[in-house]
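Q: From first to last, the protein sequence lines stand for chains W and G. Count along the first sequence from 1, add 2, and you get the number used in the working numbering. Count along the second sequence from 1, add 312, and you get the number used in the working numbering. Where a beta carbon is used, it is the ideal one built from N, C-alpha and C, also for glycine.
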Amino acid sequence: MERVPLEQKILSENDRIAAELRARFREHGVLCLNLISSPGSGKTSLLERTLASLPRQDKVAVLTGDIQTENDADRLKRFHFPVKQITTGGTCHLDARMIERHLADWPLADLDVLFIENVGNLVCPASYDLGEAAKIVVLSVTEGEDKPLKYPSIFFKSDLLILNKVDLLPYVPFDIRAAAENARRVHPGMEIVKVSCLTGNGLHEWLMWLEQRRRTVRSLTAEAVS
Amino acid sequence: MHEMGIAYSVLEAVRTEAKRHPGQAPCKVGVRVGELAALDPDALRFCFEAITRDTDMESLQLEIEVCPFRHRCLDCGHQFVVRDYQCQCPQCASAKTECIGGQELELAYLEVEEYGASTAGAKNTQ
């Protein structure tokens, strides 16, 4: 019997495609953000609010994933930006190949920002790199403040935590300080923004974060060109 | 629950590697799964058995090594297992530490042996 060392990532094929996507995004100056949360935390609402606040001429597009239905794409198409639904047909996460396939007829030169709304799930999407510049995890105050401890992987890997539905804080026993502490226990220094997609409270801070990231991508692209 | 997809990826990697070892059959594959990798080892074992049952890979064993969440101190170099997300260095109390383990989702090794009646892939041989 002979033991052969393999020393490779199990998801090396996904990672290979994700690395290609990341290189293409960088080349064309596209900021790609991967939004992840439990079902119903408000990813689509956040995107609705975001798209509504962006100038029409901005080159922004959305890929939105769900197991079934085109409902989210229908909601997001109202804002006149390109939106495509990825229906996974049962798969609980998006993978890099799905992104590659759905981007095939979207010229990246025409894009500045690509939002990917992952399938509602805090577990599996954490394992699949989609070539994004950053993962963003959304947690709503109707969930438990211990979610970061229960699902550490996604909180560890996300650059930003958006605490959504803060308008409900007076009505639910959610300790927002404990939630932030838990997130920072798993991911020291994690950036956190508190928003209400219903009232618009806190959205400015999120849009500032987005603008900051867009500026970084623009300056990197300008550097590469010069 | 993406263990099924992971199981298929492991099997695919085994088949690819096995082609490099003509005349030998894969008998055991070793994988490393980090504590924070959001993957359940039991579910992975279950899925792996399900997809290899009644195939040429039926006798292929899966060995899973669970890797603890570990940090290394950037000040004193001490490496330690992180418990309860306490990332501070237990030796010098520095807060400057970096993650060096716990996210693994890796193929470690493949064991192959000469073809025999009981080996995986034997049905495919002449």
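Cutting at 8 Å between CB atoms, please list the residues of its own chain near Asn-123/W, excluding the five before and the five after it.
A: As a working note, residue 123/W is residue 121 in the first sequence. Once the five neighbours on either side are set aside, the close Cβ partners of Asn-123/W are Ile-38, Ser-40, Pro-41, Cys-94 and His-95.
Q: Is the CB of His-383/G under 8 Å away from at least one CB in chain W?
A: Taking the second sequence and counting its residues from 1, one reaches residue 383/G at position 71. No - not a single Cβ of chain W is within 8 Å of the one on His-383/G.
Q: In the segment 197-216 of chain W, which residues sit with their C-beta less than 7 Å from some C-beta in chain G, listed in chain order?
A: Answer set for the segment 197-216 of chain W: empty.
Q: How about Cys-399/G: is its C-beta nearer than 8 Å to some C-beta of chain W?
A: For the purposes of this step, residue 399/G is taken as residue 87 along the second sequence, with counting starting at 1. It does; some Cβ of chain W falls within 8 Å.
Q: How big is the Cα-Cα spacing for Thr-89/W and Glu-225/W?
A: Residue 89/W sits at position 87 when you count from the first residue of the first sequence. Residue 225/W sits at position 223 when you count from the first residue of the first sequence. If you take the alpha carbons of Thr-89/W and Glu-225/W, they lie about 37 Å apart.
Q: Check whether chain W comes within 8 Å of Arg-395/G, counting only Cβ atoms and requiring the distance to be less than that.
A: As a first step, residue 395/G must be located in the second sequence, where it is residue number 83. It does not: the Cβ of Arg-395/G has no partner Cβ on chain W nearer than 8 Å.
Q: Three-state secondary structure (DSSP) at Phe-392/G?
A: Taking the second sequence and counting its residues from 1, one reaches residue 392/G at position 80. In the structure shown, Phe-392/G sits in a strand (DSSP, three-state: E or B).
Q: Excluding the 5 residues flanking Gln-438/G on each side, which residues of the same chain have their C-beta closer than 6 Å to its C-beta?
A: To locate residue 438/G, count along the second sequence from 1; it is residue 126. At Gln-438/G, the pLDDT of 38 sits below 50, so the modelled position is not reliable and the matter cannot be decided from this model.
Q: What residues match up with Leu-35/W in a beta bridge as DSSP calls it?
A: Here the question's residue 35/W lines up with position 33 in the first sequence. DSSP output for Leu-35/W lists Phe-117/W and Ala-136/W as bridge partner(s).
Q: Quick one, are the C-beta atoms of Leu-356/G and Ile-376/G less than 8 Å apart?
A: Counting from 1 along the second sequence, the entry for residue 356/G is found at position 44. Counting from 1 along the second sequence, the entry for residue 376/G is found at position 64. Contact flag set, yes.
Q: Going along chain G, which residues have a C-beta under 7 Å from Ala-128/W?
A: Stepping through the first sequence from its first residue, residue 128/W is reached at position 126. Within chain G, the residues near Ala-128/W are Ala-350.
Q: Quick one: does Ser-371/G have its CB under 8 Å from some CB of chain W?
A: As a first step, residue 371/G must be located in the second sequence, where it is residue number 59. Output row for Ser-371/G: interface = no.
Q: Note the first and the last residue of the continuous alpha helix (DSSP H) segment covering Leu-49/W.
A: On the first sequence, position 47 is the one that residue 49/W refers to. From DSSP, the alpha helix (DSSP H) with Leu-49/W extends over 45-55.
Q: Can you tell which of Leu-212/W, Leu-151/W and Met-210/W has the C-alpha that lies nearest to the C-alpha of Glu-183/W?
A: Sequence index remark: in the first sequence, residue 183/W carries index 181 (1-based). That would be Leu-151/W, whose Cα lies nearest to the Cα of Glu-183/W.
Q: How many whole angstroms separate the CB atoms of Val-64/W and Val-85/W, which I take to be in contact at a CB cut-off of 8 Å?
A: Translated into the one-based positions of the first sequence, residue 64/W becomes position 62. Translated into the one-based positions of the first sequence, residue 85/W becomes position 83. The pair is a contact, with the Cβ atoms about 5 Å apart (cut-off 8 Å).
Q: Looking at Cys-401/G and Cys-411/G, is the spacing between their C-beta atoms short of 8 Å?
A: Counting from one through the second sequence, the residue named residue 411/G turns up at place 99. Counting from one through the second sequence, the residue named residue 401/G turns up at place 89. It is not a contact, given that the beta carbons lie outside the stated cut-off.
Q: Taking 8 Å as the CB-CB limit, is Val-140/W close to chain B?
A: The structure shown contains no chain B; its protein chains are W and G.
Q: Classify Gln-438/G as helix, strand or coil using the three-state DSSP reduction.
A: In the second sequence, the residue the question calls residue 438/G occupies position 126. Any reading at Gln-438/G needs caution, since the residue's pLDDT is 38, under 50, leaving its predicted position unreliable; the model's value is listed next. Three-state DSSP puts Gln-438/G in coil, outside helix and strand.
Q: Considering only their Cβ atoms, is the gap separating Val-195/W from Phe-158/W smaller than 8 Å?
A: Your numbering for residue 158/W matches position 156 in the first sequence. Your numbering for residue 195/W matches position 193 in the first sequence. No, they are not a contact pair.
Q: Grab me the residues of Leu-49/W's own chain with a C-beta within less than 7 Å of its C-beta, minus the 5 sequence neighbours each way, in chain order.
A: Taking the first sequence and counting its residues from 1, the one referred to as residue 49/W is at position 47. Cβ neighbours of Leu-49/W beyond the five flanking positions: Val-64, Leu-78, Phe-117 and Glu-119.
Q: Taking the runs of the alpha helix (DSSP H) that are 4 residues or longer, which of them lie wholly in the segment 132-214 of chain W?
A: For the segment 132-214 of chain W, whole alpha helix (DSSP H) runs of length 4 or above, ordered along the chain, are 149-152, 154-159 and 178-188.
Q: Return the chain-ordered list of same chain residues with a C-beta closer than 6 Å to the C-beta of Lys-11/W, the five sequence neighbours on each side being excluded.
A: Residue numbering aside, residue 11/W sits at position 9 when the first sequence is read from its first letter. Within the same chain, Lys-11/W has close Cβ partners Asp-17.
Q: Go to Gly-317/G, then tell me how far its alpha helix (DSSP H) extends in each direction, as first and last residue.
A: Locating residue 317/G in the second sequence gives position 5, counting from the first residue. Start and end: 315-330.
Q: Based on DSSP bridge pairs, tell me the residues matched to Lys-340/G.
A: Numbered from its first residue, the second sequence carries residue 340/G at position 28. Lys-340/G pairs with Gln-373/G and Glu-423/G.
Q: Any chance the segment 360-374 of chain G sits against the segment 386-393 of chain G, with 3 or more Cβ pairs inside 8 Å?
A: These segments do not touch.
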